[in-house]
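Visitor: For the sequence shown, counting from 1, position 70 maps to 71 in this note's numbering; every step adds exactly one. Even glycine gets a Cβ: it sits at the ideal position worked out from N, Cα and C.
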Amino acid sequence: MLSRIKAIFIMIQFVFTILVTIVIMYIFKNHTHKIRQIWAKMQTYLIGFKIVQKGKPDKNAKLILVNHQSLLDITSLEAIYPKDLCWVAKKEIRDIPLFGHILEAPKMITIDRKDRRSLVKLVKESKQRISEGRVIAIFPEGTRGEGIKLSKFQNGAKFLAEKLDLKVQPVVVSNTRNIFDSQNFKAKSGTITINFLDLVDPKNDKEWYEKTKENMQKVLKKENEERVSKQ
2 MLSRIKAIFI MIQFVFTILV TIVIMYIFKN HTHKIRQIWA KMQTYLIGFK
52 IVQKGKPDKN AKLILVNHQS LLDITSLEAI YPKDLCWVAK KEIRDIPLFG
102 HILEAPKMIT IDRKDRRSLV KLVKESKQRI SEGRVIAIFP EGTRGEGIKL
152 SKFQNGAKFL AEKLDLKVQP VVVSNTRNIF DSQNFKAKSG TITINFLDLV
202 DPKNDKEWYE KTKENMQKVL KKENEERVSK Q
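#1: Using only the alpha-carbon positions, how far apart do Leu-221 and Lys-51 sit?
#2: In three-state DSSP terms, what is Gly-143?
#3: Where does Leu-167 fall in DSSP's three states?
#4: If you measure between the beta carbons of Asn-176 and Ile-193, is that distance less than 7 Å?
#5: Let me confirm a value: Ile-134 is counted as buried when at least 16 other C-beta atoms fall within 10 Å, else exposed. Which label applies?
#6: Would you mind sorting Thr-213 into buried or exposed? The rule is 16 or more other CB atoms within 10 Å of its CB.
#7: Are the beta-carbon atoms of Arg-5 and Phe-160 separated by less than 7 Å?
#8: Measure how close the beta-carbons of Gly-101 and Leu-123 come, nearest whole angstrom, since I'm counting them as under 8 Å.
#9: Are Cys-87 and Ile-25 close, meaning C-beta to C-beta below 7 Å?
#10: Using DSSP with H/G/I as helix, E/B as strand and the rest coil, what is Ala-62?
#11: Between which two residues does the beta strand (DSSP E) holding Leu-86 run?
#12: Taking one C-beta from the region 160-170 and one from the region 49-65 each time, how about it: are there three or more such pairs within less than 8 Å?
#13: Span of the beta strand (DSSP E) holding Val-201?
#14: Would you grab the beta carbon distance between Arg-37 and Pro-98 for me? Rounded to a whole angstrom, and I think it's under 8 Å.
#15: On a CA-only basis, which of Val-229, Gly-148, Gln-155 is nearest Asp-74? Give me that one, please.
#16: With a Cβ-Cβ cutoff of 7 Å, do Thr-76 and Arg-95 count as a contact?
#17: Only counting runs of 3 or more residues, tell me where the beta strand (DSSP E) segments fall wholly within the region 33-84, in order along the chain.
#18: Does the beta-carbon distance from Val-172 to Phe-197 come in below 7 Å?
#19: Run through DSSP, which three-state label would Ile-110 get?
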């Protein structure tokens, strides 16, 4: 019961604070990164979670690959990542009335997964955002998982990295689904761990994408086992 009450509180404050954040980003268009970062850090207090960082963001990374299990994946990364992230999201989110502006205001990239031309759009807009000093962030699984086993990686991130010759940093986020599960409407306090893995250069290995998934899965498995052992 308490977890559901907390989930309701989180959703209500999410709705309110996101709408306020959108308005502020439109007013201060040149400071959207700082605004998002302030919002994300505020969430750590409102929701009640801590972030443990292992490793650090590589300054040479132009693309980060992140596993996906909860809304808090984005929130936790926005709170600690030093550069302005440009998230790649499905256009269905952009099409949500009012809330779709959370992508429009900070100029995120939206794609239509049913349209083959979306890859061309992804490459073109990513190149532009990178030239502006931003780092592209993609969920290679394409959808949320349960936080235990990674789903199949889609080809968009691989295509983008190889097409633009981007250095890639894998990032493994763990325990976000346990803290806030919006699908089953449960929430609790806890710790989110973010592992920044070694930089990957796609030019050096034709199987880099498959090996990256394997490495991310190993780290996720280790984090889950350590968390269970402490309980």
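Guide: Taking the definition as stated:
#1: Rounded to the nearest angstrom, the two C-alpha atoms are 18 Å apart.
#2: coil
#3: In the structure shown, the three-state DSSP call for Leu-167 is coil.
#4: yes
#5: Here residue 134 turns out to be Gly, not Ile, going by the sequence shown. Exposed, by the Cβ-count rule.
#6: With 16 or more Cβ atoms within 10 Å of its Cβ, Thr-213 is classed as buried.
#7: no
#8: No, Gly-101 and Leu-123 are not in contact; Cβ-Cβ is about 18 Å, not under 8 Å.
#9: no
#10: Of the three classes helix, strand and coil, the one that applies to Ala-62 here is coil, per DSSP.
#11: 86-91
#12: yes
#13: Element bounds for Val-201: n/a, residue is neither H nor E.
#14: Not confirmed; about 21 Å, so no contact.
#15: Gly-148
#16: no
#17: 50-55, 64-67
#18: yes
#19: Of the three classes helix, strand and coil, the one that applies to Ile-110 here is strand, per DSSP.
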